[in-house]
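Under my numbering, the final residue of the sequence shown carries the number 318; numbering is consecutive throughout.
A virtual CB, placed ideally from N, CA and C, is assigned to each residue, including glycine.
Model, not experiment: these values are computed from the prediction.
Report on the following structure.
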Amino acid sequence: VCKKQLEQFFDRGGNFLDTANLYTDGQSEEILGRLLQGRRDEVVLATKYTFSKRPGDPNAGGNARKNMMESIDASLRRLKTDYVDLYWVHAWDRITPIDEVMRGLDDLVRSGRVHHVGVSDFPAWKASEANTLADLRGWSPFIALQVEYSLAQRDVERELVPMARDLRLGVTPWSPLAGGLLTGKYSRKDLESRAELKPGERPQNRHQMVSSRLTERRLDIAEATEEVAAQTGCSPAQVALRWVMDRPGVTSTILGARTTEQLEDNLGSLDIELDPEHVARLDEVSRIELGFPHDMVRSPRILQFLYGDAEVEPYRP
Numbered sequence: 002v003c004k005k006q007l008e009q010f011f012d013r014g015g016n017f018l019d020t021a022n023l024y025t026d027g028q029s030e031e032i033l034g035r036l037l038q039g040r041r042d043e044v045v046l047a048t049k050y051t052f053s054k055r056p057g058d059p060n061a062g063g064n065a066r067k068n069m070m071e072s073i074d075a076s077l078r079r080l081k082t083d084y085v086d087l088y089w090v091h092a093w094d095r096i097t098p099i100d101e102v103m104r105g106l107d108d109l110v111r112s113g114r115v116h117h118v119g120v121s122d123f124p125a126w127k128a129s130e131a132n133t134l135a136d137l138r139g140w141s142p143f144i145a146l147q148v149e150y151s152l153a154q155r156d157v158e159r160e161l162v163p164m165a166r167d168l169r170l171g172v173t174p175w176s177p178l179a180g181g182l183l184t185g186k187y188s189r190k191d192l193e194s195r196a197e198l199k200p201g202e203r204p205q206n207r208h209q210m211v212s213s214r215l216t217e218r219r220l221d222i223a224e225a226t227e228e229v230a231a232q233t234g235c236s237p238a239q240v241a242l243r244w245v246m247d248r249p250g251v252t253s254t255i256l257g258a259r260t261t262e263q264l265e266d267n268l269g270s271l272d273i274e275l276d277p278e279h280v281a282r283l284d285e286v287s288r289i290e291l292g293f294p295h296d297m298v299r300s301p302r303i304l305q306f307l308y309g310d311a312e313v314e315p316y317r318p
């Protein structure tokens, strides 16, 4: 199945592949390494480090240099290659000094084992600090940002996406279908029987993970997506993917299709275009409050204080 999906992807012009050292306990990298034999240089290959593969060992996880160096060597062995095109820091560990992270990543780039570095699941202020430091010291900066982004999850529009656009980082959404929610897979009935996780409790499977996050609002968004799909003759997944692909700053979207049929449907999003009224409908039902200070500095009262009666076009990178 993996080989067939990869061929499907290549046949449609795809060339960006994203994985991580912890996905299926390393098997994702191993399978990909076998399938890419003979065509490695045709693809942009990305993987990640941070998460631990040895529970209980504090040196086997986090952003620290020791874990970084051990992880890249192990990933390269599994991927059967001597370099990766993009190496992501998978998540902020809240402990490792950011200069240690950026210096270590720069060493990987200088060694040739990594071509570029990216950041995933970081707060905007820490990613900004990292790239400012890299710029000042002549180190390799983050060139891309991977975050959860979909019609059902737009929190990144407050700080992370504006940061990425300002710093020229390509935005790569993960879970653009909100774990299947935006495919029409869940209904009001699922809300009644949704999984209730205790604080700190981990979901046992993907269905439980998505079910635990079901809300009336998220189901409203899913239903609006289905309505637009019915009006356009597309699948809900295609509508949701097209919407996120068209968002400012987004350069590539992570697909997570389980079957060849799902992948073919997902790739169909490349061939559609949403009408402005459909985009407006989806924007409205999924809209979030930006909060302070964003709402304040956009308010008519503050704009009057700032510019008087002059019309000023805000800077948009």
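*When the distance is taken between beta carbons, is ARG282 closer than 9 Å to GLU228?*
Start at 1 with the first residue of the sequence shown, and residue 228 comes out as number 227. Start at 1 with the first residue of the sequence shown, and residue 282 comes out as number 281. Contact check for GLU228 against ARG282 passes: the beta carbons are separated by less than 9 Å.
Range of the contiguous beta strand (DSSP E) that encloses GLY257 = Looking up residue 257 in the sequence shown gives position 256. If you look at GLY257, you'll find it isn't in any beta strand (DSSP E); DSSP assigns it neither H nor E.
**Report entry** Classification of MET1 by the beta-carbon crowding that lies within 10 angstroms, buried from 16 upward
**Finding:** It is not possible to answer for residue 1, since the shown part of the chain is limited to 2 through 318.
When we look at the beta-carbon of CYS3 and count the other beta-carbons within 10 Å, is it buried (16 or more) or exposed? Your numbering for residue 3 matches position 2 in the sequence shown. That one is exposed.
Margin query: I'd like to confirm the pairing. Which residues does DSSP put opposite TYR50 in its beta bridges?
Written below: As a position in the sequence shown, residue 50 is number 49, starting the count at 1. DSSP, once it has assigned bridges, lists VAL90 as partnering TYR50.
Report task. State the Cα-Cα distance for the pair PRO200 and ARG111, rounded to the nearest angstrom. Result -> By 1-based counting over the sequence shown, the position of residue 200 is 199. By 1-based counting over the sequence shown, the position of residue 111 is 110. Rounded to whole angstroms, PRO200 to ARG111 spans 43 Å at the Cα level.
**Prompt:** What alpha helix (DSSP H) runs, 4 residues minimum, are completely inside the segment 216 to 243?
**Reply:** Taking 4 residues as the shortest admissible run, the segment 216 to 243 contains the following complete alpha helix (DSSP H) segments, listed from N- to C-terminal end: 217 to 233.
Next on the checklist: Would PHE123 and VAL162 be called neighbours here (beta carbons separated by less than 9 Å)?
Outcome noted: As a working note, residue 123 is residue 122 in the sequence shown. As a working note, residue 162 is residue 161 in the sequence shown. If you check the CB distance, PHE123 and VAL162 do not come in under 9 Å.
**OP:** Sort out for me which residues DSSP pairs VAL148 with in a bridge.
**Re:** Along the sequence shown, one-based indexing puts residue 148 at 147. Paired residue(s): PRO174.
Subject >> Whole-angstrom C-beta distance between VAL115 and LEU109, which should lie under 8 Å >> reply: Stepping through the sequence shown from its first residue, residue 109 is reached at position 108. Stepping through the sequence shown from its first residue, residue 115 is reached at position 114. Sure, about 4 Å apart at Cβ, within 8 Å.
Per DSSP, the bridge partner or partners of PHE143
The residue given as residue 143 occupies position 142 in the sequence shown. Answer is VAL118, bridged to PHE143.
Specify the secondary structure class of GLN38 as computed by DSSP and reduced to three states. As a working mapping, residue 38 is identified with position 37 in the sequence shown. Coil at GLN38, not helix or strand.
If you compare alpha carbons, which of ARG219, GLY139, GLU202, GLU8 is closest to LEU192? In the sequence shown, residue 192 corresponds to position 191, counting from 1. The shortest C-alpha separation from LEU192 is found at ARG219.
Using only alpha-carbon positions, find the residue among LEU7, THR48, ILE222 that is nearest to GLY27. Here residue 27 refers to the residue found at position 26 of the sequence shown. Taking only the C-alpha atoms, the option nearest GLY27 is THR48.
- Message: Taking a contact to mean a Cβ-Cβ separation below 9 Å, would you say ILE273 touches CYS235 in this structure?
- Response: Counted from its first residue, the sequence shown places residue 273 at position 272. Counted from its first residue, the sequence shown places residue 235 at position 234. Contact: yes.
Terminal residues of the beta strand (DSSP E) in which LEU18 lies: The sequence position of residue 18 within the sequence shown is 17, counting from 1. LEU18 -> beta strand (DSSP E) spans 17 to 19.
- Message: Quick check on GLN305: buried or exposed, where buried means 16 or more other Cβ atoms within 10 Å of its Cβ?
- Response: For the purposes of this step, residue 305 is identified with residue 304 of the sequence shown, where counting begins at 1. Exposed: under 16 other Cβ atoms inside 10 Å.
- request: On a CA-only basis, which of ARG35, LEU271, ASP58 is nearest LEU77? Give me that one, please.
  value: Start at 1 with the first residue of the sequence shown, and residue 77 comes out as number 76. Closest option to LEU77, Cα to Cα, is ARG35.
Checklist entry - Roughly how far, in whole angstroms, is the beta-carbon of GLN6 from the beta-carbon of THR261, given that I think they are within contact range, below 8 Å? => result As a working note, residue 6 is residue 5 in the sequence shown. As a working note, residue 261 is residue 260 in the sequence shown. With a Cβ gap of about 6 Å, GLN6 and THR261 count as contacting.
**Report entry** Presumed contact (8 Å Cβ cut-off) between ALA128 and LEU146, rounded CB distance
**Finding:** As a working note, residue 128 is residue 127 in the sequence shown. As a working note, residue 146 is residue 145 in the sequence shown. At roughly 7 Å, the Cβ-Cβ gap stays under 8 Å, so ALA128 and LEU146 are in contact.
Excluding the five sequence neighbours on either side, which residues of its own chain have a C-beta within less than 6 Å of the C-beta of SER121, listed in chain order? Stepping through the sequence shown from its first residue, residue 121 is reached at position 120. Excluding residues within five positions, the ones whose Cβ falls inside 6 Å are TRP89, HIS91, GLN147.
(Q) Can you give me the C-alpha to C-alpha distance between LYS190 and PRO177, rounded to a whole angstrom? (A) The sequence position of residue 190 within the sequence shown is 189, counting from 1. The sequence position of residue 177 within the sequence shown is 176, counting from 1. Within the model, the alpha-carbon separation for LYS190 versus PRO177 is close to 23 Å.
Any idea if GLU285 is buried or exposed, counting beta-carbon neighbours within 10 angstroms, 16 or more meaning buried? Residue 285 sits at position 284 when you count from the first residue of the sequence shown. Using a 10 angstroms sphere on the CB of GLU285, the tally of other CB atoms stays under 16, which defines it as exposed.
In angstroms, rounded to a whole number, what distance separates the CA positions of ALA258 and ASN267? Locating residue 258 in the sequence shown gives position 257, where the first residue counts as 1. Locating residue 267 in the sequence shown gives position 266, where the first residue counts as 1. Answer to the nearest angstrom: the Cα atoms are 8 Å apart.
Per DSSP, what kind of secondary structure is GLN9 in: helix, strand or coil?
Taking the sequence shown and counting its residues from 1, one reaches residue 9 at position 8. GLN9 falls in the helix class under three-state DSSP.
query: Straight-line CA distance for SER300 to LEU23?
result: As a first step, residue 300 must be located in the sequence shown, where it is residue number 299. As a first step, residue 23 must be located in the sequence shown, where it is residue number 22. Spanning the alpha carbons of SER300 and LEU23 requires a straight line of approximately 45 Å.
Starting from PHE306 and walking both ways along the alpha helix (DSSP H), at which residues does that stretch end?
Looking up residue 306 in the sequence shown gives position 305. Note, PHE306: alpha helix (DSSP H), 301 to 308.
CB-CB under 6 Å to ARG159, same chain, minus the five flanking residues each way: which ones, in chain order? By one-based count along the sequence shown, residue 159 stands at place 158. Beyond the five residues adjoining it in sequence on each side, ARG159 comes within less than 6 Å, by CB distance, of LEU291 in the same chain, given in chain order.
Between which two residues does the alpha helix (DSSP H) containing PRO277 stretch? Residue numbering aside, residue 277 sits at position 276 when the sequence shown is read from its first letter. Here the alpha helix (DSSP H) through PRO277 covers 277 to 287.
- prompt: Taking the C-alpha atoms as reference points, what is the distance between ALA238 and LEU183?
  reply: Mapped onto the sequence shown, residue 238 falls at position 237. Mapped onto the sequence shown, residue 183 falls at position 182. In this model, ALA238 and LEU183 are separated by some 6 Å (Cα to Cα).
* Going by the beta-carbon positions, is the gap between ARG166 and VAL172 smaller than 9 Å? -> Here residue 166 is taken as the residue at index 165 of the sequence shown, counted from 1. Here residue 172 is taken as the residue at index 171 of the sequence shown, counted from 1. Pairing ARG166 with VAL172 gives a Cβ-Cβ distance under 9 Å.
- Using the beta-carbon count (16 or more within 10 Å), is GLU149 buried or exposed? For the purposes of this step, residue 149 is taken as residue 148 along the sequence shown, with counting starting at 1. Answer is buried; the Cβ neighbour count reaches 16.
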